[in-house]
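Be aware that the sequence shown starts at 254, since it is given in the working numbering, and climbs by one per residue.
No residue lacks a Cβ here, since even glycine has one placed at the ideal position from N, Cα and C.
Everything below concerns the one structure shown next.
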Amino acid sequence: MRKKINYPSQNLYFRLKTPGGGPVGIRTAVLELGPAPGGSGRAGLSPARRSGAMESRALRWETLAALSSSSKGRLSYGRRWPHDEDLLEGCMSPVVLSPYSGWVLDRVVGQSAPEIAPSRSSTPKEPAPLTNGSSPLEVTPASCRGSSPLPPAQPSETKGNGDLGLLEVDHEVFPAVLPCKVTEVEGCIRMYEEMHRLKGKEGLRQRQEQQEQMVRAVSDLASEQLKRFDELKELKQHQEFQDLQEVMEKSSKEAQGQQEKLKEEHRHRAKVLNLKLREAEQQRQRQEELERLRKEEGQERLRRLYSIQEEVLQLNQQIDPNYRHKDLPRIDLSAYSNRGNQICGLVSGLIRTTSERGFPTQVDVANTERALQEMRGLISSMQQEIAAAVEEKRRRDEEEERQKQTELLKKEQMKAQTPAPAQQSGGKQQKEGLQVKAEESTMQWYRQLQDAAEQCVASFSEISNCKDNNEVKKIKTDLQKAATIPVSQISRIAGSQLREIFDKINNLLSGKSVQSGGRTVSVTQHPQGLDFVYYKLAEKFVNQGEEEVASHHDAAFPIAVVASGIWELHPRVGDLFLAHLHKKCPYSVPFYPALKEGTSMEDYQRMLGYQVKDSKIEEQDHFLKRMSGLIRLYAAIIQLRWPYGNKQGAHPHGLNYGWRWLAQMLNMEPLADVTATLLFDFLEVCGNALMKQYQVQFWKMMLLIREDYFPRIEAITSSGQMGSLMRFKQFLETCLQQKEIPLPKGSLQASFWRS
């Protein structure tokens, strides 16, 4: 490394050699003094000065040796501030020689020259820092030392750890170093060390301020990051809380769903249990009903056996083994008597056996009936035998009488002709009986209703005969459904439901639009729609009687109250209802159709009310069941009125018609099995209302039925038709004993209309 020092009188060039380019140290530096490079050497020194320079050089080496042996000579100085080390590391590191030591040395050497006054000294104007190193200090003396100043040295550049600094000193170099200046040199060194320390302190202060600013910035950044961390933590807490709340809600919903599911299962199980209990109760009721029916049938069979036994005993009494006709001495009835006694014993034994084991079976009844038939056949055979004998005797008597008359005529031929005595012919007086035909007024009313029904059918012929017109067929179907479906929905569930059905039928007949099967229907859709609905509605009411009421007697009252209310508002429906009723059940007139000449037996059975399908006539039990349902519906209609209608007017077909029907039935000859059934059903349904209306007259009629009319029914009833007769007899006796006819089962009470 080369440094340039400018002096006022001469220029000298000091070169510090540092091996390896390390920091400059006093101990290792080699100071070389010589002329500046590129100098011409015109300012050379005289021989005297050269010798003085040699002496001063010796003093320099002593000074350098003293400096190197001092504590400060062992210090190392760095040119640049160590950025990657601690600020105080330099203060704690070993002491090195200041980089201005070359300038100080040069000044000391300059002042040690004997030619220079001690007062000529100056301080450097611009010190240049030297590179700290351990290379020896070399001083190259100027090639020529004299009084003339050296030319200014050109700045030179050196390569190393730092930049090359030029130290320019405007002092003259003295040829010798004075020993007394050591202390001054040390003071200068201390002064520059103090300056360096102050600069280091200032740099340290600035560094501390920078560090404080950095600490504050880092602190602010840390606080902001802490805030962000807190916010993030709070956000995570909120999210966790929300997740936990969602989980709890989900768990709650799942628990609630599970609870609802358990409730639903419980309801289903309860429903199943209730259904099973209901089925068990129904099964028990069915068993009780079957047991009751079995007992009733058993009692009926037992009564039948008793009646058969009574008839058998009565028939047996007609057989007299000692019977002797005065004119028939040859007739012997002992065989008939013996067989009659055997039959009576057989019947008595059957009855005794069946009474011991409970109720008789159908086989026992069949056996007793066969015994009865045998007894009847026995009586018939006996009577035929007696009649044959009587007839034989009569013929014989007539022959004898004829012979006598012939002889008498022959005797009288000789005499004068005289008129023969007139013989009185004895005629039997016919016992006056009941009528077989209905009264003329009743038949006229019957024909008028049938004519009205036929006219109504003719009035909607276009609708009934439509085959190609799809629109008319669709209207027909809709109107028929709108008229018949509400009637099928009539039940005893609630009065409000019954009122809705009535309003729907009334609105349809009034021309309003109603909903049926998801479609809007009105009788105004076709000119013949109203007549068609009248006819089909009346027909449906009658069909409900022979189907629904026949199976469930309680159904007569809700159907009857609706029919009565519609009848009151639309009288034509009532006329058509009676026409259909009379056609299906002529006994509701009452009217017994007669077999006319040319009428087939199937047509005649239809006129009597029987159903004939494929030339097969329905069974008697089914026929009586249908007739019972129709009469019960008719009996309910004549006593009921629609509770929400106009009660100011009279009933369109009230109790007076029921009284007339009952009187006409009692004025006609009874029919086996039919009359007893119809009278029982009519009085059971309508008897209470007739009793309240006619009071004493009604009880007179009840006595007439028991005393006069019931024996007539009993006289024509065969053994297989005694069931209906016995029910009717028991009903009459109970009512006459209690002087009261109970309300019919299933009648509508006031509470029904509030439901």
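Sequence-distant residues of its chain with Cβ nearer than 7 Å to residue i (five each side left out)
{"i": "S817", "result": "I890, L893, R894 and W895"}
{"i": "P843", "result": "A691, W914, Q917, M918 and M921"}
{"i": "V865", "result": "E855, Q858 and R859"}
{"i": "K726", "result": "C719"}
{"i": "F981", "result": "A929, L932 and F933"}
{"i": "M565", "result": "In the sequence on display, residue 565 carries Val and not Met. Contacts found: I596, C597, V600, A624, L625 and M628."}
{"i": "Q778", "result": "I728"}
DSSP state of residue i mapped onto helix, strand, coil
{"i": "Q917", "result": "helix"}
{"i": "K998", "result": "coil"}
{"i": "R647", "result": "helix"}
{"i": "K270", "result": "Low per-residue confidence applies at K270: pLDDT is 43, beneath 50, and the placement is therefore not dependable enough to give any value."}
{"i": "T970", "result": "coil"}
{"i": "A769", "result": "First, the residue type needs correcting, since residue 769 is Ser and not Ala in the sequence shown. Residue state, collapsed to three classes: strand."}
{"i": "Q991", "result": "helix"}
{"i": "K506", "result": "helix"}
{"i": "V865", "result": "strand"}
{"i": "I819", "result": "helix"}
{"i": "I891", "result": "coil"}
{"i": "I716", "result": "helix"}
{"i": "G453", "result": "helix"}
{"i": "I572", "result": "coil"}
{"i": "V842", "result": "coil"}
{"i": "I870", "result": "strand"}
{"i": "Q688", "result": "strand"}
{"i": "E493", "result": "helix"}
Beta-carbon contacts of residue i that lie in its chain and below 6 Å, excluding the five residues immediately before and after
{"i": "C939", "result": "A888, Q892 and G911"}
{"i": "K378", "result": "Any answer about K378 is weak, because its pLDDT of 40 lies below 50 and its placement is not dependable; what the coordinates show is given next. Within the same chain, K378 has no close Cβ partners at all."}
{"i": "F830", "result": "A791 and F794"}
{"i": "T970", "result": "A925 and L978"}
{"i": "A624", "result": "I596, L599 and V600"}
{"i": "L568", "result": "M628 and I632"}
{"i": "S1008", "result": "A747 and G748"}
Close Cβ partners of residue i (< 8 Å) along its chain, the five nearest in sequence each way excluded
{"i": "Y863", "result": "I870, E871 and F876"}
{"i": "Q797", "result": "V740, S741, I743, A808, I812 and L886"}
{"i": "S712", "result": "Q781 and D784"}
{"i": "R1070", "result": "Nothing about residue 1070 can be reported from this structure: the residues present for the chain run from 254 to 1008 only."}
{"i": "K765", "result": "S775"}
{"i": "Y699", "result": "A691, H835, V842 and F844"}
Contact check, residue i vs residue j, beta carbons under 7 Å
{"i": "Q571", "j": "I632", "result": "yes"}
{"i": "Q781", "j": "E724", "result": "no"}
{"i": "V643", "j": "T621", "result": "no"}
{"i": "F984", "j": "F951", "result": "no"}
{"i": "M635", "j": "Y589", "result": "yes"}
{"i": "V767", "j": "A735", "result": "yes"}
{"i": "A803", "j": "R879", "result": "yes"}
{"i": "F810", "j": "S1004", "result": "no"}
{"i": "L702", "j": "A832", "result": "yes"}
{"i": "G898", "j": "E821", "result": "yes"}
{"i": "E799", "j": "G882", "result": "yes"}
{"i": "I738", "j": "I819", "result": "no"}
{"i": "L994", "j": "M954", "result": "Note on identity: in this sequence residue 994 is Ile, with Leu being the wrong assignment. For I994 and M954, no; Cβs fall outside 7 Å."}
Residue i - containing alpha helix (DSSP H), residue span
{"i": "H835", "result": "P824 to K837"}
{"i": "K734", "result": "N723 to S741"}
{"i": "L328", "result": "No alpha helix (DSSP H) contains L328, which DSSP labels as neither H nor E."}
{"i": "Q697", "result": "E693 to S712"}
{"i": "N796", "result": "G782 to Q797"}
{"i": "E609", "result": "S587 to R610"}
{"i": "T614", "result": "Run containing T614: none; DSSP gives neither H nor E here."}
{"i": "G940", "result": "V927 to Y947"}
{"i": "K757", "result": "G748 to L762"}
{"i": "Y897", "result": "Unbroken run through Y897: none, as it is neither H nor E."}
{"i": "R859", "result": "M854 to M860"}
Any non-hydrogen atom of the ligand SAH within 6 Å of residue i CB
{"i": "I754", "result": "Among the components of this structure there are no ligands whatsoever, and the ligand SAH is therefore not found."}
Notebook entry, point to check: Three or more beta-carbon pairs under 8 Å between the segment 778 to 794 and the segment 745 to 753, yes or no?
Noted result: no
Item checked: Validate contact between the segment 849 to 865 and the segment 933 to 950 using beta carbons, cut 8 Å, 3 pairs -> no
Checklist line | Touching by the beta-carbon criterion (3+ pairs, under 8 Å), the segment 724 to 738 and the segment 972 to 990 | finding: no
Margin query: Three Cβ pairs or more, each shorter than 8 Å: is that satisfied between the segment 550 to 560 and the segment 603 to 616?
Written below: yes
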